[in-house]
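Worksheet: the structure to be examined is printed underneath.
Protein chains in written order, with my numbering: chain A, 1 to 431; chain B, 432 to 862.
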């Protein structure tokens, strides 16, 4: 593949951005062939800086729900932009949007808008502490809840005080959760949970109903707030909070990424049980009351309510899963596709350092399919059966190509270093 | 003034948003007549939900630098929007923007982009700790650096651990700063400073060069990072970091609000002295690499470099200051306008509970001029001499009206409660 312009951009970036790139969209922990820069996006496709097109199973790591530059959402955004965006006060669309969300999400009695996913998880933590007057917050080991000092997975620049009141339990293990709740004594403010286990590098797991119900019961018993962090999965599993699928309603839920189909918006939803605490916070941001992303969210939510975007995406996800599974079997690979089929992760058996997964992702990339070797992926509602057929055909060829060069594969040095740092931190922090 | 729709929106909001509104754009701590919701913005004007127009001296609390919906910036944003915004990787415009900033800001060797002002101040703190391996951070008492748990001015939901490693000094008092530095011993990571003292409720003050130079010397001596928080004032005082005006270059500077003329973007700039620390952080956000605000910033920065927007804004600010000063004198008011004239705060003598300031702001509002009674304001570069004439004429009438009803004024109960809470917190935190 052509990489001339990408290489030139990377070289320029290295001078004016630390390491040339940072954060979740850095390709340093990806196979060397992955392009860093993208020129253009439309529907389910992205074009790199050298003009090459990919069917994009990352969907901008979540924001792309309906398709890049969805005409309906973009028209709503453009209408609002012709009036005003960030002004000296919010637009009436903020009230419309809050009412819409309260109408759609069972547990929600109120909404507070912000920008980053981290804003909403941080606000949830503060609201729970303000509401309960207690301090300890429980998180599942290995779960991602943002990149502020209290939650970033790579704790450079973090001091022990940032996490002194956090405690950890094992996702889907009700006894582990209960033990952590008991250990918190009378000082438990909140229990955080992802809608499903969507940690990087490992098989995903849907929530065990027994665990989710125990979480609810323990919060009811202790007065702690139950927080479901929907930032990644919101409205990709259900048209309500994801835990409605297992019959559990949280007190707080955190949303972001796809809520305005790519426009910058996140929000915290809460029940009346946490209204006073949330209302006591002073939290804000320069662009939190911007009207354009809110208008885009109102239209995105209309499409969520009125179309079969969800059933369509699940059907395509199932079809992708079946097609790749059959192809992997034909070529003799143990290939694990876990998580909801519309938010899959794909991992190879007997691949502890991910060298096989990396090679397969590279082979997909050269065939015009962008897959991630260790992070959950996303299907977009604009994808078609033809897109899935193309991905499955590419997958079949990619399995064959990896099989042919399997003995020559070597581990990624970047990934090896990351894994070592991560396990060192995990040993220290979770000891 | 008509308030029917605003009242109806407020009543609806009260049901679906805690207290109906939150954060810096809430009008609860403003005079009762201030509208909460705005329908439209253009140039220097905003229209409330009841269709009434105001000349807006808040400029969205900063983001409006050139004029709402500036045609040049909006065209740049629209061009980029037709390509892509939030994608699976950044656009090449990120590199262009980083190069532009490094070219414009003397101390900057690199840039990292984010969304909120709080993102950039939080990243500065983490980068300084990562770079130095030290922990203590010095802040000026009363300065605003964002609304996360470590810095929000109203600490509901905050635990003592969030601020255990912060220490405070008096802005513009070099000896107070030096004492705080000495007290930090060998554990000082960073010294934060605003470009000028722009705290709420009090007279503003430009930086004393002796203080700024001492800050630099103390950081050089101890190895700590000097951080200038330009989020509010960036490119409103200079076409470089504001402290270039007093001949001091920081190691890190935090920018936001006006950098893309209203599009959501903030960033951290740093010198090579802090590149390794910044590069070690894992910080990120779903929309941090969005291309549209970056394209808007590139055009905003071009206008900053190539036009007299700054000199024009300062000239209008001076003219406003002179006109209001003369009017206040005519009516016998002690009226203090402090800070740079393009970012003024306006306070009355003998007005400890701000009842006079509130009344004057109300009288300005009914005359179509939106001023703030206790927060610094902002002029926009699109304002004209005619706008300023109108504001001065309204000011003259407003002084007369306040004089006529001065004996009937009462303090704002909301403000009184806020001041009590603030001084209680200040006593506890700064004891």
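Ideal Cβ positions, reconstructed from N, Cα and C, are used throughout, including at glycine.
Do residue i and residue j have their C-beta atoms closer together than 8 Å?
i: residue 486 of chain B; j: residue 801 of chain B; result: yes
i: residue 620 of chain B; j: residue 563 of chain B; result: yes
i: residue 670 of chain B; j: residue 493 of chain B; result: no
i: residue 376 of chain A; j: residue 411 of chain A; result: no
i: residue 464 of chain B; j: residue 785 of chain B; result: no
i: residue 674 of chain B; j: residue 659 of chain B; result: yes
i: residue 507 of chain B; j: residue 156 of chain A; result: no
i: residue 863 of chain B; j: residue 597 of chain B; result: Nothing in the structure corresponds to residue 863 of chain B, since chain B is present only between 432 and 862.
i: residue 215 of chain A; j: residue 193 of chain A; result: yes
i: residue 388 of chain B; j: residue 834 of chain B; result: With chain B covering only 432 through 862, there is no way to say anything about residue 388 of chain B.
i: residue 771 of chain B; j: residue 789 of chain B; result: no
i: residue 778 of chain B; j: residue 634 of chain B; result: yes
i: residue 462 of chain B; j: residue 793 of chain B; result: yes
i: residue 195 of chain A; j: residue 237 of chain A; result: yes
i: residue 726 of chain B; j: residue 511 of chain B; result: yes
i: residue 722 of chain B; j: residue 522 of chain B; result: yes
i: residue 275 of chain A; j: residue 388 of chain A; result: no
i: residue 799 of chain B; j: residue 484 of chain B; result: yes
i: residue 641 of chain B; j: residue 600 of chain B; result: no
i: residue 68 of chain A; j: residue 43 of chain A; result: yes
i: residue 117 of chain A; j: residue 241 of chain A; result: no
i: residue 264 of chain A; j: residue 584 of chain B; result: no
i: residue 758 of chain B; j: residue 95 of chain A; result: no
Starting from the Cα of residue i, find the closest Cα among the options and give me that residue.
i: residue 480 of chain B; options: B:451, B:460, B:441, B:445; result: B:441
i: residue 224 of chain A; options: A:93, A:248, A:125, A:244; result: A:125
i: residue 16 of chain A; options: B:632, B:700, B:683, B:434; result: B:700
i: residue 519 of chain B; options: A:64, A:97, A:287; result: A:64
i: residue 23 of chain A; options: B:720, B:642, B:817, B:559; result: B:720
i: residue 497 of chain B; options: B:693, B:566, B:524, B:602; result: B:693
i: residue 338 of chain A; options: A:415, A:47, A:206; result: A:206
i: residue 592 of chain B; options: B:580, B:849, B:510; result: B:580
i: residue 753 of chain B; options: B:824, B:611, B:666, B:665; result: B:824
i: residue 413 of chain A; options: A:29, A:12, A:7; result: A:29
i: residue 866 of chain B; options: B:617, B:653, B:604; result: Residue 866 of chain B falls outside the range modelled here, since chain B spans only 432 to 862, and no answer is possible.
i: residue 356 of chain A; options: A:336, A:342, A:368; result: A:336
i: residue 433 of chain A; options: B:576, B:521, B:717; result: Residue 433 of chain A is absent from the model: chain A starts at 1 and stops at 431.
i: residue 617 of chain B; options: B:554, B:435, B:568; result: B:568
i: residue 60 of chain A; options: A:397, A:333, A:27, A:406; result: A:27
i: residue 415 of chain A; options: A:221, A:200, A:274, A:385; result: A:200
i: residue 697 of chain B; options: B:703, B:665, B:765; result: B:665
i: residue 575 of chain B; options: A:8, A:284, A:324, A:382; result: A:284
i: residue 381 of chain A; options: A:70, A:360, A:5, A:147; result: A:70
i: residue 590 of chain B; options: A:181, A:128, A:105; result: A:128
For a contact meaning CB atoms closer than 7 Å, what does residue i contact in chain D?
i: residue 549 of chain B; result: Absence of chain D from the displayed structure is noted, the protein chains being A and B.
Is the stretch 676 to 686 of chain B touching the stretch 96 to 115 of chain A in the sense that three or more CB pairs, one from each, lie closer than 8 Å?
no
Identify every run of the alpha helix (DSSP H) within the stretch 201 to 247 of chain A, keeping only runs that are complete inside it and at least 4 residues long; order them along the chain.
209 to 222
Chain-ordered residues of the stretch 349 to 375 of chain A with a beta carbon less than 7 Å from chain B:
370
Threshold first: 4 residues or longer. Then list the alpha helix (DSSP H) segments lying entirely within the stretch 556 to 641 of chain B, N to C.
605 to 614
Would you call the stretch 460 to 479 of chain B in contact with the stretch 294 to 311 of chain A, where contact means no fewer than 3 C-beta pairs closer than 8 Å?
no
Jot down the residue ranges of each uninterrupted alpha helix (DSSP H) in the stretch 55 to 93 of chain A, minimum 4 residues, whole runs only, in chain order.
71 to 81
Would you call the stretch 448 to 460 of chain B in contact with the stretch 269 to 282 of chain A, where contact means no fewer than 3 C-beta pairs closer than 8 Å?
yes
Unbroken stretches of the alpha helix (DSSP H), 4 residues or longer, contained in the stretch 719 to 802 of chain B
722 to 737, 740 to 761, 786 to 797
Counting only Cβ-Cβ distances shorter than 7 Å, please list the residues of the stretch 125 to 147 of chain A near chain B, keeping chain order.
126, 127, 129, 130, 135, 147
Looking at chain A, which residues of the stretch 501 to 519 of chain B have a Cβ within less than 7 Å of any of its Cβ atoms?
514, 515, 516, 517, 518, 519
Using a Cβ cut-off of 9 Å, which residues of the stretch 24 to 39 of chain A contact any Cβ in chain B, in chain order?
24, 25, 26, 27, 34, 35, 36, 37, 38, 39
With three or more C-beta pairs closer than 8 Å as the rule, is the stretch 84 to 98 of chain A touching the stretch 413 to 426 of chain A?
no
Quick one, which residues of the stretch 183 to 196 of chain A are near chain B if we go by CB-CB under 8 Å, in chain order?
none
Could you tell me which whole beta strand (DSSP E) segments of length 3 or greater appear in the stretch 19 to 55 of chain A?
38 to 42, 45 to 48
With 7 Å as the limit, tell me which residues of the stretch 523 to 541 of chain B have their beta carbon closer than that to any beta carbon of chain A; keep them in chain order.
523, 526, 529, 530, 533, 541
Give me the subset of the stretch 212 to 226 of chain A whose CB atoms are less than 7 Å from a CB atom of chain B, sorted by chain position.
none
Report the residues of the stretch 590 to 604 of chain B with a CB closer than 8 Å to any CB of chain A, ordered along the chain.
590, 592, 593, 595, 596
Positions along the stretch 838 to 849 of chain B whose CB lies within less than 7 Å of some CB in chain A:
none
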